[in-house]
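2 protein chains.
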Amino acid sequence: MQLYGYFRSSAAYRVRIALNLKGLAYESVPVHLVKDGGQQLSETYRALNPAALVPTLVDEGAALGQSMAIIEYLDETRPEVPLLPSDPLGRARVRGIAQAIACDTHPLNNLRVLKYLKHELKVSEDAKNGWYRHWVAVGLEAVERMLAASEATGRFCHGDTPTLADLCLVPQVYNARRFDCDLSAYPTIVRIDAACNAVKAFIDAQPQNQPDAE
Amino acid sequence: MQLYGYFRSSAAYRVRIALNLKGLAYESVPVHLVKDGGQQLSETYRALNPAALVPTLVDEGAALGQSMAIIEYLDETRPEVPLLPSDPLGRARVRGIAQAIACDTHPLNNLRVLKYLKHELKVSEDAKNGWYRHWVAVGLEAVERMLAASEATGRFCHGDTPTLADLCLVPQVYNARRFDCDLSAYPTIVRIDAACNAVKAFIDAQPQNQPDAE
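Top line first, the protein sequences correspond to chains V and Z.
Taken in order, the first sequence gives residues 1 to 214; the numbers are from UniProt numbering.
Taken in order, the second sequence gives residues 1 to 214; the numbers are from UniProt numbering.
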């Protein structure tokens, strides 16, 4: 397998954790999101990933995009070390937490969105950072409520083994820290993030531990 | 089952199509996103949906949020009229198309985001509409490429029966039309949208056909 990604991409980070937890070897192919005007926009890369986004997983000739779809695919084809619970309600809860991050939070703070705010809307650096922190706060507050309110929350977001929810949460927290967001209102999130980052699969997936890290 | 939603919410619209395609009866509970300062922000609603977003599906006492998680849950618990293909690569493709809309496109044009642009960033009406159309164009261009490039595309996004991908695509196209986006560059999308909107389950789910339509 080959994973086309960028060390700092949250979406690629999610997939790296999944591959590591499942003990799957892969070749890391860096796609620099800034150099060359954004290598993801090249026609070569677009042939693999028409949306021109990272990550792309290539498995036996098939190129797959979208981090959550890739992780579900890995879970279906390599079911050892499952990343979703076996019961439908548990699966819905895990997917719901994952999507609260991957649909409601992360897309608003993507590099291309921050660029649009700066270059097209001429928003100041302060207002851009305010935007970033606002959506992180809205998203993490929602996730904190989901986690704190439920007996299904354990050492990790759902029980005592990592799931798709943790794979989305940890990169989001990593980004929040990078942008100096205050995390004191999210004690459950901070606790779970620490539990995850004590696991080798999570540590090995961190941006600074990638071959293309700067 | 009860579906808490808002006639114009794309995410609720997706779930309505799923329920209709599967022939599942449900009670529609309107949550007005504007009235009363946004009924989704009430503590009563937040007890059901901690993220304060629509939709919420209540099934046998369990309250589920996040439209894609709800649809996967319905597909697992009511497998008749499946909304995902049976092979892992096909499932990854369908989820990838769905997420290109639900993660990369729709979140940027949500009501709460448009409000932030207007009230916090003091963006003009023209610039706000430009933002809307920009992200619709980026998202639909990606989906058009995914659809046009693949032999798996049929009458619908994946083969000749509707899937989760169509359930995400149709509400996005509906919104794009509402905001006068030019769709001429996306012939495959326009064709599939028309095929979907000839099906009763899709028609019955349209915003103007909901009890809370204005």
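Just so it is clear, CB atoms sit at the ideal spot from N, CA and C, and this is done for glycine as well.
Beta-carbon proximity check, residue i vs residue j, cutoff 8 Å
i      : j      : result
A12/Z  : V54/Z  : yes
R95/Z  : A62/V  : no
E27/V  : Q2/V   : yes
C196/Z : D160/Z : no
Y6/V   : V29/V  : no
M146/V : A205/V : no
L169/V : I192/V : yes
V31/Z  : Y45/Z  : yes
R14/V  : P162/V : no
Under 7 Å from the C-beta of residue i: neighbouring residues of chain V
i      : result
P50/Z  : A142, R145, M146, A149
G96/Z  : L64, G65, Q66, A69
A127/Z : L121
Within chain Z, the residues that residue i reaches when beta carbons sit closer than 9 Å
i      : result
C168/V : The premise fails here: C168/V is roughly 11 Å from chain Z at the closest Cβ pair, so nothing lies under 9 Å.
R91/V  : A69, E72, Y73, E76
Span separating the alpha-carbon of residue i from that of residue j
i             : j      : result
D59/Z         : L89/V  : 10 Å
A213/Z        : L121/V : 33 Å
P207/Z        : E72/V  : 31 Å
residue 224/V : R112/Z : Coverage of chain V is limited to positions 1 through 214, which leaves residue 224/V absent and any answer about it impossible.
Y132/V        : E80/Z  : 42 Å
R16/V         : A51/V  : 20 Å
S184/V        : D75/Z  : 38 Å
A92/Z         : Q210/Z : 32 Å
V173/Z        : A25/V  : 40 Å
D36/V         : A127/V : 28 Å
S150/Z        : N49/V  : 12 Å
G130/V        : S9/V   : 21 Å
A194/V        : R78/V  : 27 Å
Y186/V        : A102/V : 18 Å
residue 252/Z : V123/V : Nothing can be reported for residue 252/Z, as the shown portion of chain Z is limited to 1 through 214.
G148/V        : A148/Z : Going by the sequence as given, residue 148/V is Ala instead of Gly. The straight-line gap from Cα to Cα measures roughly 44 Å.
A152/Z        : G38/V  : 29 Å
L57/Z         : G65/Z  : 7 Å
I189/Z        : D182/Z : 12 Å
A47/Z         : Q40/V  : 41 Å
N110/Z        : S67/V  : 22 Å
H134/V        : E125/Z : 21 Å
Interface residues of chain V facing residue i [CB-CB closer than 8 Å]
i      : result
D104/Z : A51, L53, P107
Y116/Z : W131, H134
Beta bridge counterpart(s) of residue i as assigned by DSSP
i      : result
L48/V  : In DSSP, L48/V forms no bridge with anything.
V113/V : Answer is none; V113/V lacks a bridge partner.
G5/Z   : P30/Z
T188/V : Per DSSP, none; premise fails for T188/V.
L57/V  : L3/V, L64/V
T153/Z : G159/Z
Within chain Z, partners of residue i - CB distance below 7 Å
i      : result
Q99/V  : Q66, M68, A69
V123/V : L121
Proximal residues of chain Z, C-beta to C-beta of residue i below 8 Å
i     : result
P88/V : Y73, E76, T77
Contacts of residue i in chain V (Cβ-Cβ under 9 Å)
i      : result
V113/Z : L108, W135
Within-8 Å CB hit, residue i to chain B
i      : result
D212/Z : No chain B appears in the structure shown, which is made up of the protein chains V and Z.
| query | Do the stretch 154 to 167 of chain V and the stretch 113 to 126 of chain V make contact, defined as three or more Cβ pairs closer than 8 Å? | reply | no
| query | Is it true that the stretch 98 to 109 of chain V meets the stretch 131 to 141 of chain V, where meeting means three or more beta-carbon pairs spaced less than 8 Å apart? | reply | yes
| query | Touching or not, the stretch 170 to 184 of chain V and the stretch 78 to 87 of chain Z, by the rule of three or more beta carbon pairs under 8 Å? | reply | no
| said: Closer than 8 Å is the cut-off here; do at least three beta carbon pairs connect the stretch 13 to 32 of chain Z with the stretch 195 to 209 of chain Z? | reply: yes
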